[in-house]
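Taking it in order: structure first as structure tokens, then the write-up.
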Amino acid sequence: MLRLEKLTKTYKTGDQALKSVDLDIPEGQVLALIGPSGAGKSTLIRCINRLVEPTSGQVFLGGTELTHLSAGALRRERRRMGMIFQEYALVERLTVMENVLSGRLGYVGFWRSFLRRFPQPDVDEAFRLLDRVGLLAMADKRADELSGGQRQRVGICRALIQNPAVLLVDEPTASLDPKTSRQIMRLICELCRERGLAAIINIHDVALAQMFVQRVIGLRFGAIEFDGPPKDLTPDVLTTIYGEEDWEATIETVEDDEDIEAAE
Amino acid sequence: MPVGDRNGAKVWRRRTQTESLSHWALWLTGVAIFAYCWQQISGATTWFFVWDAPRIAEDIWTRATPPKWDYITQLGKPIWDTINIATMGTLIALCLAVPVAFLAARNTTPSALLVRPIALLIIVSTRSINSLIWALLLIAIIGPGVFAGVIAIAIRSIGFCAKLLYEAIEEIDNTQVEAITATGASRWQIMAYGIVPQILPAFAGIAVFRWDINIRESTVLGLVGAGGIGLQLSASLNVLAWPQVSLILLVILAAVVISEWVSAKVRGAII
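Protein chains in written order, with the UniProt record's numbering: chain C, 1 to 264; chain G, 1 to 271.
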């Protein structure tokens with residue numbers, strides 16, 4: 001479905017953010033990308049849809065190689081990759097509806113989008129998605145009137161209305177409280193399951209990642225250190241990814257959390 | 001930040017000995033230069049005129065009051081021209097300033113090496129010449145009248161508007177632009193959805209602010225023959241009709257106060 005081959009990114013400053021990363025993501029798999037700050041998680045995600053140009057290596061989405069596409073072809077492929085951002089990245093001064101519909105920009109001509117005359121099926125789909133994430137009543141509000149959790153839901157709608165094959169999710173919960181974080185993660189994973197979407201989720205919160213995903217990738221200094229199911233994340237593994245620390249507590253919490261979840 | 005030692009206690013001073021000495025020397029030089037300049041200016045001044053000034057001012061004041069109120073019937077058309085010069089000039093300037101600003105902003109310019117310097121040159125050159133001088137040049141080219149005034153105001157305002165606007169463009173939140181880019185939007189769509197909504201408040205603020213300035217600038221354009229109320233002002237000054245001059249100044253004052261009020265209202269409504 002999504003395959004990275006020897007993906008390398010060296011910034012102009014000489015920092016090597018990605019060192020020949022190989023990764024294969026089958027259809028419908030939700031994958032968490034963990035690792036310390038500066039390990040290259042954001043760069044990896046941005047190299048896939050070329051918000052950051054990779055230095056070398058290849059990215060295959062379905063059968064299409066992305067790194068050599070022309071600008072126009074790249075725009076068409078970007079439609080198949082929905083992206084969700086850390087600080088929501090909504091256009092603050094536009095309404096919720098406009099923000100959701102902006103996910104269709106790749107499909108609609110300039111004047112239609114400029115005059116906000118989106119095709120009726122797009123508008124129907126936008127309402128359906130807003131209803132699905134529980135924000136139907138907010139459609140006419142300006143994005144900066146919403147709370148963090150609500151904004152991220154709008155961000156999710158914007159990504160999904162693209163009708164993507166894969167979701168690229170960059171720290172979706174970094175600026176949310178613990179409860180909202182879980183709700184957002186659960187929502188993303190549910191929607192991926194409903195639609196059979198593959199997803200790469202960049203995440204700092206190891207415990208949260210373990211709760212929701214099927215596969216975890218540990219990144220350290222731009223190279224993959226760990227690749228396996230969440231239950232294999234032992235203290236030793238976390239030490240190789242993040243460095244020396246008492247990891248028992250982190251993993252312990254996960255089990256506690258699951259108990260609470262079960263109790264609920 | 002020198003730290004000394006006195007009887008075992010650490011003493012902290014802001015500057016070292018040499019630093020404070022050089023500060024003293026600098027201040028001394030500054031004061032000396034000021035005193036010298038003062039003396040030069042004083043030597044070049046005809047003090048008689050200065051001592052005489054209050055008497056002359058009082059003389060003009062008595063001649064200028066009361067204003068010649070019935071002259072107001074002849075001022076309606078000129079002040080209308082003045083406001084039109086300012087408004088039309090601002091509109092034309094904004095139309096031209098928007099593309100210049102996009103070409104000058106580091107994050108939207110198509111080429112930082114070639115296009116950006118040209119855009120910056122347009123901004124600097126139009127800003128650096130006063131609108132009165134532009135009007136003088138334009139009157140020579142297109143003849144006296146309101147049109148020369150409009151163009152003078154327009155040219156003068158391009159640089160101002162473009163500079164403030166391109167600074168606003170450079171300060172936008174780039175993640176919003178990234179998010180729109182990631183949807184597969186085209187270059188123009190990114191501009192319309194990612195950039196324009198972010199700079200719209202700044203744009204509206206700049207527009208009314210410049211309009212407000214242009215009302216004031218256009219009142220003097222008539223002095224060189226570029227139409228508006230300045231024509232009446234210069235005619236009245238030439239024939240020493242002080243009551244007319246005082247009335248014109250009052251009308252200008254009223255126009256400026258009203259324009260300030262309007263622009264404050266508009267800005268308040270946007271932000």
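Glycine residues also receive a C-beta, built at the ideal position from the N, C-alpha and C atoms.
Small disclaimer: the values here were computed from a predicted structure and weren't measured.
- Around the CB of residue 109(G), 16 or more other CB atoms lie within 10 Å, so the residue is classed as buried.
- In chain order, 201, 203, 209, 213 and 216 place their CB closer than 6 Å to the CB of residue 32(C), counting only its own chain and leaving out the 5 sequence neighbours on each side.
- Here residue 74(C) has 50 and 66 as same chain residues with Cβ atoms under 8 Å from its own Cβ, once five neighbours each way along the sequence are excluded.
- By the C-beta density criterion, residue 265(G) is exposed, having fewer than 16 other C-beta atoms within 10 angstroms.
- Residue 17(G) and residue 42(G) have their C-alpha atoms some 38 Å from each other.
- Between the alpha carbons of residue 141(C) and residue 123(C) lies a distance of about 16 Å.
- For residue 170(C), the pairing in a beta bridge is given by DSSP as 202(C).
- Contact residues of the segment 165-189 of chain G toward chain C are 175, 176, 178, 179, 180, 181, 182, 183, 184, 185, 186, 188 and 189 (C-beta to C-beta distance below 7 Å).
- Using a CB distance cut-off of 7 Å, residue 36(G) does not count as an interface residue toward chain C.
- For residue 112(C), the nearest beta carbon of chain G is not closer than 7 Å to its own beta carbon.
- Counted as a single uninterrupted DSSP element, the stretch harbouring residue 48(G) is not any beta strand (DSSP E) but the alpha helix (DSSP H) occupying residues 47-64.
- In the three-state scheme derived from DSSP, where H, G and I count as helix and E and B as strand, residue 240(C) is classed as helix.
- By the rule that beta-carbons nearer than 7 Å mark a contact, residue 17(C) does not touch chain G.
- For residue 203(G), the enclosing alpha helix (DSSP H) stretches over residues 196-221.
- Linking residue 209(G) to residue 144(G) through their CA atoms gives a straight-line distance of about 27 Å.
- The Cβ atoms of residue 169(G) and residue 181(G) lie no closer than 7 Å to each other.
- In the structure shown, residue 1(C) falls within a coil segment according to DSSP collapsed to helix, strand and coil.
- Beta-bridge partners assigned by DSSP to residue 218(C): 34(C) and 226(C).
- Taken through DSSP and simplified to helix, strand or coil, residue 18(G) comes out as helix.
- For the pair residue 55(C) and residue 10(C), the CB atoms are nearer than the 7 Å cut-off.
- If you draw a 10 Å sphere on the C-beta of residue 157(C), you find 16 or more other C-beta atoms in it, and that means buried.
- Nearest CB-CB separation between residue 192(G) and chain C: below the 7 Å threshold.
- Counting C-beta pairs closer than 8 Å gives three or more between the segment 79-89 of chain G and the segment 221-231 of chain G, which meets the contact rule.
- The C-alpha of residue 155(G) is placed about 38 Å away from the C-alpha of residue 66(G).
- Among the bridge pairs identified by DSSP, residue 6(G) is matched with 9(G).
- Residue 54(G) counts as exposed, since fewer than 16 other beta carbons sit within 10 angstroms of its beta carbon.
- When the Cα atoms are used, residue 205(C) and residue 3(G) turn out to be separated by approximately 46 Å.
- Using a Cβ distance threshold of 7 Å, residue 161(C) and residue 222(C) do not count as a contacting pair.
- Taking a 10 Å sphere around the C-beta of residue 38(G), we find fewer than 16 other C-beta atoms and assign the residue as exposed.
- Residue 198(G) has its alpha-carbon roughly 51 Å from the corresponding atom of residue 35(G).
- Of the candidates 16(C), 59(C), 52(C) and 179(C), the residue whose Cα lies closest to the Cα of residue 1(C) is 59(C).
- Per the coordinates, the alpha-carbon of residue 98(G) lies some 28 Å from the alpha-carbon of residue 257(G).
- For residue 257(G), the enclosing alpha helix (DSSP H) starts and ends at 242-270.
- Of the residues assessed, residue 7(G) falls on the exposed side of the cut-off, its CB having fewer than 16 other CB atoms within 10 angstroms.
- By the rule that beta-carbons nearer than 7 Å mark a contact, residue 7(C) does not touch chain G.
- Burial check for residue 239(G): the Cβ neighbour count within 10 Å stays below 16, so the residue is exposed.
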